[in-house]
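**Student:** Following full-length UniProt numbering, the numbering of the sequence shown begins with 1 at its first residue and continues without gaps.
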Amino acid sequence: MEKGASSRVSSGSSYEVFLSFRGIDTRHEFTDFLYHEMVRVGILVFRDSESLHVGEEIGKLLQAIENSKIYIPIFSKNYALSDWCLRELAYIVECTSKSNGNKEILPIFLDVEPADVKLKTNRYRPSLSKRQKTTCSEAESWEKALIEVSEIAGWNWKKDKSQADLIKSVIETVLHKLNVGCEKIVTKELVGVDNRVEAIIKMLDVGSDSVQFLGIHGMGGIGKTTLAKVIFNRLSSHFKGFHFLSDVRESSRRHGLVYLQKQLLSKFLDSRSILDQINDADDGIKMIKRVLGNIKVLIVLDDVDGKEQLKSLAEKGDWFGSGSRIIITTRDQSILRIEGEVTSEAVVEKSAKVSTYEVCKMDFDDALKLFSKHAFRRDSPPDHYVILSKEVVSTLGMLPLALEITGSSLNNEPKEFWEATLKKLKDAPPNEVQSKLMISYDKLDNEQKQVFLDIACFFVNKDKTYPFYMWDACGYHPHVAIRVLFLMSMIKIKEDNTFWMHDQVRDLGKTIVRLENKDPCKRSRVSNHKDALSILKRKEGSKIEALLIGFQGLLHEEIILQHDELANLRNLRFFQAEKVSLVGDFNNLLPSLTWLSCHRCPFKVMAKNFHPTNLIVLNLSRSNISEIGWIKAAKNLKVLDLIDCQKLRRIHDLSKLVSLEILMLQCCYGLIEIDPSIGELKLLTTLNLDGCYSIRELPKEIGRLQALTKIVMPSTLHELPETFGNLESLLTLDLSKKRISKLPRSIGGMVKLTVLRLCDCNEIKELPYSIGKLQSLIELDLTSTSISHLPDSIGNLSQLKILKLHSMIRITKLPSAICLLKKLEELGASWCGNLTGEFLEEIERLSCLRILDLSGTHIFKLPSTVSHLSNLQELNLATSDIQQLPELSPSLTCLTWTPRIKLESFIPLPTSLSTLSQLKTLTLASLNVQFLPHLPSSLRELKLLNLAITQSPDFSNLKNLLTLEFYDCSMPEFSDIFDAELETLTMEQCTFTRLDAPFQLEMKKLTHLRLVMCEILLKVLDLSHMKNLQEVHLCDSKSLVEIRGLEELESLSSLEVSCCILIERIPDLSKLRKLKRLKVGKCPELRSVEGLNHLESLKYMYIRECCSLESLANTSNLDLECCHILHCGQLPRHTYCKRSVDCQCWR
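1) Under 6 Å Cβ to Cβ from Ser10, same chain only, skipping five residues before and after it: list those, please.
2) Could you round the C-beta distance between Ile328 and Leu301 to whole angstroms and report it? I think they count as a contact, below 8 Å.
3) Is any heavy atom of the ligand GTP found at a distance shorter than 6 Å from the C-beta of Glu113?
4) For Val751, which option in Asn796, Leu717, Leu782 has the closest C-alpha, if you only look at C-alpha atoms?
5) Curious, which full-length beta strand (DSSP E) runs of at least 3 residues does the stretch 201-262 contain?
6) Over the uninterrupted alpha helix (DSSP H) stretch that includes Asn446, give me the two end residues.
7) Taking the beta carbon of Lys608 as the centre, do at least 16 other beta carbons fall within 10 Å, making it buried, or is it exposed?
8) Entirely within the stretch 666-735 and at least 3 residues each: give me those beta strand (DSSP E) ranges in chain order.
9) Could you spell out where the alpha helix (DSSP H) holding Phe364 opens and where it closes?
10) When you compare the CB positions of Tyr71 and Ile92, do they come within less than 7 Å of one another, or not?
11) Do Val359 and Asp303 have their C-beta atoms within less than 7 Å of each other?
12) Short of 8 Å in beta carbon distance, which residues of its chain neighbour Lys350, apart from the five on each side in sequence? Order them along the chain.
13) May I have the straight-line CA-CA distance separating His53 from Pro699, to the nearest angstrom?
14) Sorted by chain position, which residues of the same chain lie with C-beta nearer than 7 Å to Cys85's C-beta, five sequence neighbours on each side aside?
15) For Pro936, which three-state DSSP category applies?
16) Report the residue from Asp503, Phe459, Tyr35 whose alpha carbon sits nearest the alpha carbon of Gly221.
17) Return the first residue and the last residue of the beta strand (DSSP E) that Gln562 is part of.
18) Among Ser847, Cys832, Ile674, Pro414, which has the Cα closest to the Cα of Asp853?
19) Straight-line CA distance for Val297 to Ser1053?
20) Considering only their Cβ atoms, is the gap separating Leu835 from Thr865 smaller than 7 Å?
21) Work out the CA separation of Leu944 and Cys969 for me, nearest whole Å.
22) Which two residues bound the contiguous alpha helix (DSSP H) that contains Thr121?
23) In whole angstroms, what is the alpha-carbon distance linking Ser266 and Glu37?
24) How would you write the range of the alpha helix (DSSP H) that Ala90 sits in, first residue to last?
25) If you check the beta carbons only, do Pro714 and Leu689 fall under 7 Å apart?
26) Quick one: what's got a C-beta closer than 7 Å to Leu681's C-beta in the same chain, skipping five residues either side?
27) When the Cα of Thr991 is compared with those of Cys1014, Gly584, Leu922, which residue comes out closest?
28) Taking the alpha carbon of Arg845 as the point to measure from, which residue in Lys543, Glu826, Leu869 has its own alpha carbon closest?
29) For my contact list, Leu370 and Glu404 are in at a C-beta cut-off of 8 Å; report their separation, rounded to the angstrom.
30) Taking the alpha carbon of Pro890 as the reference point, which residue from Trp897, Leu913, Ala878, Gln309 has its own alpha carbon closest?
31) Would you call the CB atoms of Ala456 and Gly509 closer than 7 Å?
32) Distance check for Leu292 and Gly1129, CA to CA, integer angstroms please.
33) Go through its chain and collect everything with a Cβ distance to Ile167's Cβ below 7 Å, but skip five positions before and after it.
34) How far does the beta strand (DSSP E) with Leu582 in it extend, from its first residue to its last?
35) Hey, Leu561 and Val583 are a contact pair by Cβ (cut 8 Å); roughly how many whole angstroms apart?
36) Do Gly215 and Leu399 have their C-beta atoms closer together than 7 Å?
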């Protein structure tokens, strides 16, 4: 990332991906496209910049490498000519090797071969040889790094291949590695599930290495899926891989078993090409065994209703790695007899324990509470409804789904309606959920029923935007209908704007359609692929309103539909197809059609005389389309979706589409220009050009789009037309990471603009004065621009709440006009390296300010009136030149003060620190103080860095303190500490006169202890009181002779003992059944480490440079993922762990 990261990531934060590349080779071509595509899909990516290779910026670059999860080195022809590229790569390899498997390198070989990188050819080798001859001290590590990375499987690209396909593959792999979107959404109105969840988690016994199957069974609507989702969210972090396979029953019926197998494997495979090798269920079984056989996975198979589904997805325990858990939800307990459980026929290499959990009806009190939440929006019924409510709950049989939907349908209804509903419920069969749900369906009016049936058949888990246009054209009043369905709990709208519907409710809708007629061609809706093709072949379907053809990407062959096959579909309003071509004369056909979706369609032969005059929604995404001239007849068209139509070069004459409101063109890589006729689209509200990398500029006619509220621009955009400021309806303008060099002077005309982001537009050097006319602006982000001064007109932004000026390295002073921003809540100017002087003398006028960030600036003084900011909560003065704090506002909750240069003279801390009664987090550094003042008892986190304190601090009043950290501090001791709540204690590179007192305290809640390079440390460290410790790191403790109580820490998951030169033995570890990571190194007197073979959870073991170590237990019985035993000269030669894992056992 150039000059900082994505605007969502502040300095020092973690990144997900680090790109390493040779700038002159790839920056403005492949790397640029890859970077912007990653940003577009929401990946937090750091892209290296030449400007970061000098001065203090190097530290930021190294920090970015340390904080990234995935490294992508892009090897080009001249990569090895750059010392910095090689230095980067060596550090990447070092960070990866130390990460315990938490970081990963994914190389791209861009027109070079892995052999070139491995130094087997003359591509890179001469460059390395030259450096070695010139005594470059780093050359050897660079060579090792190149060779190591060359052996990692990555992408090998040649000039005759598509870069777009490569980028897609990389993005898909990275998203897969990051497990994006893995958490399952559950309702906030959970009642009575906690005890059930705890019981199931106990049954699963995640710490055990056996493979376990758990069947959660019970009648429909009783809450099986909700339980499974909660458990999945709670436990997924304990597994190397995890997947929640939703709606197995419906997917199996519609798409088949192979589809399900591919869905399961897609979470664990980087390449779609491997999935394409699965042609039948047997192939899928073999692939599942091969891919998942050695991985500890958590898999949920939701709503299974057939044994064949289990046989294809999870028949035996030996299909999965040790410690795997397979959770199955089903209404039919009989299918939970997993092969190998009781029969002797199946040979199961890994024992598979099978348990079942029956989800019984809720207890009455919980059921009444859940019902009340929906019927009355409170936890209990009003007094005059208690008896009636209890009777309804009892009649519904305490089923959560029925309680939720019936309760919602009774909300705000009179007692007469309640009594009538109760009578209907009593007349329904006692255990028939759908008949009870049907009572709520009957309450809907006709329009609401039509919308409900459309969602049930076609739009579950689909975005709600497009359907609204169709329903509106049909006169269904969708906003009212959706509101009613939502309030009746028949649907939910998820955070990603998609429809959600319980499978029982969805099944109700499909059942209603199915009962319309035995013959599918006489029903209103057909969503079954085979039924749809049969109807078209018979040339019937005059009553059909909606028709779906396709297997959501699984069709391999094109379907050609002749015009006469569609001739009878006079009432068809919705038609969605995949890989379909329409052929023939379509004159006067499909007169009622309002929705046409043709995904991935070849369009080799176009329909003739196709004039869809009533068409409202047209979706041709991912189709092989090069022109859209035939669309001109759709004068009522409101939505045109051409996403990922890569052969589309131009869009000619849009002027006839006078009703168009949404135009989606993202990822049309071949699109080179936008036709000027776009200015005729007076009703256009949304224009998306993201990923249109061939577009460099927009036509001036864009300024005529008076209704436009949202526009997404391509990253390659160089210039905005001067007319752009005429977009007076635009609400958000995000130009982050675009190549534009200036804003149009007319920008002040965007009177409704609320958000303007210019983050990482480093070619922008000034703001137009007219910026002050943006009277609706709430957020202005100028991060990492090259602006040197802000115009005084910025003070006219009367609604501005957020002003971000981070990393603006050319700015030297902020205008006093900023103090006129009376509604400003957040002011960030971190890492503005040339910002100096006294900060905003009239700062007290910013009465709404909550956040002030001046970290990394050369501001040397804050005005005393900062104490008047009664709403200020966060003040960040990290790495600043401020040498003395004024009195501070008592509203502060977070304070960071770490001067850039350590102060030589004694500086008293402000006495007002003790009065900051709201302060939760305090970080102090580089101060030379005689003593710490009395700190507020509200503190939860205290960090002290590079402090020299002459008097022992008193922490006895910090009764809420959870985290206490010392780095490079010197002080006599600290004995007075309230330890009851402390969870984390860190001391690194510290000097204490005495340090025994803290370790005489019990610290019962302490979970993390880190002692690194601390002088005058204890000779004996007793941990026996700290029973809850989970992580212990003891490094460079020169005086430490003995560790006591370690063997009693049954919750310990990570242990490191390094560079402790006097330690002779580590206590018996055999009781530490939860220990996952063990690192012991450079302890020359250490003779034994006992009990290793009993550590059943151990995954990572590193023992090195312990030259006196004489014996070590054989751990080949453990399922280690990484085992390194190096340079321990006294150890006898034999196998200490399995060779199938990452094993390095050398003396």
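Yeah, the Cβ is synthetic: ideal placement off N, Cα and C, and Gly gets one too.
**Tutor:** Result, derived from the coordinates:
1) Confidence at Ser10 is low in this model, with a pLDDT of 34, below 50, so the placement of that residue is unreliable and no value is reported for it.
2) About 5 Å separates the beta carbon of Ile328 from that of Leu301, a gap short enough to meet the 8 Å contact definition.
3) Ligands displayed in this structure: none; no statement on the ligand GTP is therefore possible.
4) Of Asn796, Leu717, Leu782, the residue nearest in Cα terms is Asn796.
5) Here the runs fully enclosed are 211-217, 241-245.
6) Its alpha helix (DSSP H) spans residues 446-454.
7) Lys608 should be labelled exposed.
8) The stretch 666-735 contains, as complete beta strand (DSSP E) runs of 3+ residues, the segments 686-688, 710-712, 732-734 (chain order).
9) Run containing Phe364: 364-375, per the alpha helix (DSSP H) assignment.
10) Yes, the Cβ-Cβ distance between Tyr71 and Ile92 is below 7 Å.
11) It is not a contact, given that the beta carbons lie outside the stated cut-off.
12) At Lys350, the pLDDT of 42 sits below 50, so the modelled position is not reliable and the matter cannot be decided from this model.
13) Here the model assigns His53 a pLDDT of 40, short of 50, so the residue's position is not dependable and the matter cannot be decided.
14) A distance below 7 Å between beta-carbons, with the five flanking residues on each side excluded, links Cys85 to the following residues of its chain, in chain order: Ser20, Arg22, Tyr79.
15) Per DSSP, reduced to three states, the secondary structure at Pro936 is coil, with no helix or strand assignment.
16) Of the listed residues, the one whose Cα sits closest to Gly221 is Asp503.
17) In the DSSP assignment, Gln562 falls within the beta strand (DSSP E) that extends over 559-562.
18) That would be Cys832, whose Cα lies nearest to the Cα of Asp853.
19) Separation of Val297 and Ser1053 (C-alpha to C-alpha, rounded to the nearest whole angstrom) is 19 Å.
20) No, they are not a contact pair.
21) Rounded to whole angstroms, Cys969 and Leu944 show a C-alpha spacing of 7 Å.
22) Per DSSP, Thr121 lies in no alpha helix (DSSP H) segment and is marked neither H nor E.
23) So the alpha carbons of these two residues sit roughly 21 Å apart.
24) Per DSSP, Ala90 belongs to the alpha helix (DSSP H) from 83-97.
25) Cβ distance < 7 Å, so Pro714 and Leu689 count as in contact.
26) Contacts found: Leu654, Leu657, Leu660, Leu705.
27) Comparing Cα-Cα distances from Thr991 to each of Cys1014, Gly584, Leu922, the minimum goes to Cys1014.
28) When only C-alpha atoms are compared, the closest one is Leu869.
29) Rounded to the nearest angstrom, the Cβ distance from Leu370 to Glu404 is 7 Å, consistent with a contact under 8 Å.
30) Closest option to Pro890, judged by alpha-carbon separation, among Trp897, Leu913, Ala878, Gln309: Leu913.
31) Yes, the Cβ-Cβ distance between Ala456 and Gly509 is below 7 Å.
32) Rounded to the nearest angstrom, the two C-alpha atoms are 38 Å apart.
33) Result list for Ile167: Phe33, Leu34, Glu37, in chain order.
34) Where Leu582 is concerned, the enclosing beta strand (DSSP E) stretches over 580-583.
35) With 8 Å as the limit, Leu561 and Val583 qualify as a contact, their Cβ atoms being about 7 Å apart.
36) Going by C-beta atoms, Gly215 is not nearer than 7 Å to Leu399.
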